[in-house]
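Reading through the structure tokens given below for one structure.
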Amino acid sequence: MAAEIERNLLDLPERRFPINLDVEIPKVRDLYQAAIRNQWDPQTDVDWTALDNLELTDEQRQAAILWWSRRAWNEYGAVSESPSLLVRFYQERFEPDLALFFTIRTQEEARHAEASCMMAERLGGYVPEPRKQEFQGSISTHGVRRMAFDLDSSIEAVVAALVCGLEEYAFDWFRLMGETTTNKAARQVIRSITRDEVRHCAFGWAFIQKRIPTLSAAQRKVVEEAIFNATQHVELNGYRVPWLAPDSEASRQEMETDRICCEAGLGATTEDMEKPIFVATVQRVREQFAALGITVPPFHHHRIGTL
Ligand SMILES: [Fe+2]
Ligand SMILES: [Fe+2]
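Numbering (my numbering), first residue to last: -19 to 287.
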């Protein structure tokens, strides 16, 4: 069982006043305004007729339903993770730009979940949970809510590990799928999500850039460890894609689902398509951290080696 949180965010007294709404991180305020300008509506901005009368085998339809359901589970996770970070920004009196941006970010994650669920529904029916218990461990949670509520866990570490790390890997994956997905509705959903995610990643880097110079050597070490742990134990354990998960009957089945969905032009990627891109992204993220004085240790993966 996880250790008790000694200093819990929810136990802090309400500290609203004085309310400062000045622009303190202009880059983040710009992202907030860009997010407001770029809202989209899954109900009306996707050509859902592109899913009518598709010539699909049963196997392809089932694979696409499962893949999009999995996307919805993942996005829905962010719907509760996002506000936990928002409360932390608010109660610890971080720059107001952060809380403003995160309110819109939460809406965007809700929209990603809704659009993914609609894809599954219109392909024949949303599936509410994984078919194999075994695989649930890989895709459950990365523990961000708990970390956000624990005042002794570093918020810089959480953002560096999950936003600049995991969200950046997801962004490049979405960008790839935006090029390889041939069905119009699926491609529109994927590209709309990608356009939101570019802001989520930019937020992470703007925040980290601002905060890293204020951290002590020991605090930087904590950031480095968090980045390592999230990539090594969450991402490389198959949180986002099954080809990164430990080899098992369940993960092989999920990889097969991805392959079939991808070949039907309805989303997803295969290991062969994604691996070189993923390796390059990990390298790029490591270089971006190095430029900020953060050293990310090498990772190991049974299908990739050292990266
Ligand atoms: Fe998302
Ligand atoms: Fe996101």
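Ideal Cβ placement from N, Cα and C applies to all residues, glycine included.
When you compare only the Cα positions, how much space is there between residue i and residue j?
{"i": "W185", "j": "D227", "result": "33 Å"}
{"i": "V221", "j": "F(-3)", "result": "44 Å"}
{"i": "Q40", "j": "N163", "result": "13 Å"}
{"i": "F279", "j": "E251", "result": "18 Å"}
{"i": "P22", "j": "A197", "result": "45 Å"}
{"i": "M(-19)", "j": "I16", "result": "Reliability fails at M(-19), whose pLDDT of 44 lies under 50, so the model's placement of it is uncertain and no value is given."}
{"i": "E72", "j": "A100", "result": "39 Å"}
{"i": "I45", "j": "G273", "result": "43 Å"}
{"i": "I192", "j": "I135", "result": "11 Å"}
{"i": "Q212", "j": "C181", "result": "19 Å"}
{"i": "W48", "j": "S96", "result": "5 Å"}
{"i": "A225", "j": "R(-5)", "result": "43 Å"}
{"i": "Y219", "j": "A210", "result": "10 Å"}
{"i": "H281", "j": "R266", "result": "16 Å"}
{"i": "I240", "j": "E254", "result": "15 Å"}
{"i": "T37", "j": "F269", "result": "45 Å"}
{"i": "E205", "j": "N18", "result": "35 Å"}
{"i": "L(-8)", "j": "V3", "result": "25 Å"}
{"i": "A153", "j": "S64", "result": "Reading off the sequence shown, one finds Trp at residue 153, where the question assumed Ala. Whole-angstrom Cα-Cα distance: 25 Å."}
{"i": "R(-13)", "j": "R179", "result": "31 Å"}
{"i": "D238", "j": "T194", "result": "43 Å"}
{"i": "W20", "j": "M98", "result": "15 Å"}
{"i": "N54", "j": "T29", "result": "25 Å"}
{"i": "K201", "j": "I188", "result": "14 Å"}
{"i": "T275", "j": "N33", "result": "52 Å"}
{"i": "F74", "j": "P277", "result": "29 Å"}
In terms of residue numbering, what span does the alpha helix (DSSP H) encompassing residue i cover?
{"i": "T174", "result": "K164 to R191"}
{"i": "Q268", "result": "E251 to A271"}
{"i": "C144", "result": "Segment: none, C144 is in no alpha helix (DSSP H) and carries neither H nor E."}
{"i": "N209", "result": "A197 to H213"}
{"i": "P6", "result": "P6 to R17"}
{"i": "N54", "result": "D38 to Q71"}
{"i": "L103", "result": "P76 to L103"}
{"i": "S231", "result": "E229 to E243"}
{"i": "W153", "result": "E148 to T160"}
{"i": "V124", "result": "V124 to F129"}
{"i": "E109", "result": "Note, E109: premise wrong, no alpha helix (DSSP H); not H, not E."}
{"i": "I135", "result": "I135 to V138"}
Please state if the CB of residue j and the CB of residue i are separated by a distance shorter than 9 Å.
{"i": "A93", "j": "A140", "result": "no"}
{"i": "A248", "j": "L31", "result": "no"}
{"i": "L(-1)", "j": "L78", "result": "The amino acid occupying residue -1 in the given sequence is Ile; Leu does not appear at that position. Contact flag unset, no."}
{"i": "D289", "j": "R91", "result": "Examination of residue 289 is not possible in this model, given that the chain is present from -19 through 287 alone."}
{"i": "Q42", "j": "G104", "result": "yes"}
{"i": "T160", "j": "C242", "result": "yes"}
{"i": "V59", "j": "T86", "result": "yes"}
{"i": "L156", "j": "I257", "result": "yes"}
{"i": "L131", "j": "P76", "result": "no"}
{"i": "L(-11)", "j": "F129", "result": "yes"}
{"i": "L146", "j": "V214", "result": "yes"}
{"i": "V143", "j": "F208", "result": "no"}
{"i": "R111", "j": "Q233", "result": "yes"}
Cα-Cα, which of the options is closest to residue i?
{"i": "V262", "options": "M253, W47, I192 and Y149", "result": "Y149"}
{"i": "T83", "options": "T174, L11, R41 and I173", "result": "L11"}
{"i": "F151", "options": "F279, E204, V26 and R264", "result": "R264"}
{"i": "R50", "options": "V107, V8, R9 and Q19", "result": "V107"}
{"i": "R102", "options": "Y70, D27 and E75", "result": "D27"}
{"i": "R126", "options": "E147, S62 and C144", "result": "S62"}
{"i": "V203", "options": "A137, E229 and I188", "result": "A137"}
{"i": "Y56", "options": "G145, E109 and R(-13)", "result": "E109"}
{"i": "K190", "options": "R(-13), V8, D(-9) and L(-11)", "result": "V8"}
{"i": "I(-15)", "options": "L142, E215 and S133", "result": "S133"}
{"i": "A14", "options": "T275, R111, A260 and E88", "result": "E88"}
{"i": "L216", "options": "F74, V259, T24 and R171", "result": "V259"}
{"i": "D25", "options": "G245, K201, S172 and A271", "result": "S172"}
{"i": "N35", "options": "S231, G245 and I188", "result": "A small fix is needed here, since residue 35 is Glu in this sequence, not Asn. Closest by alpha carbon: G245."}
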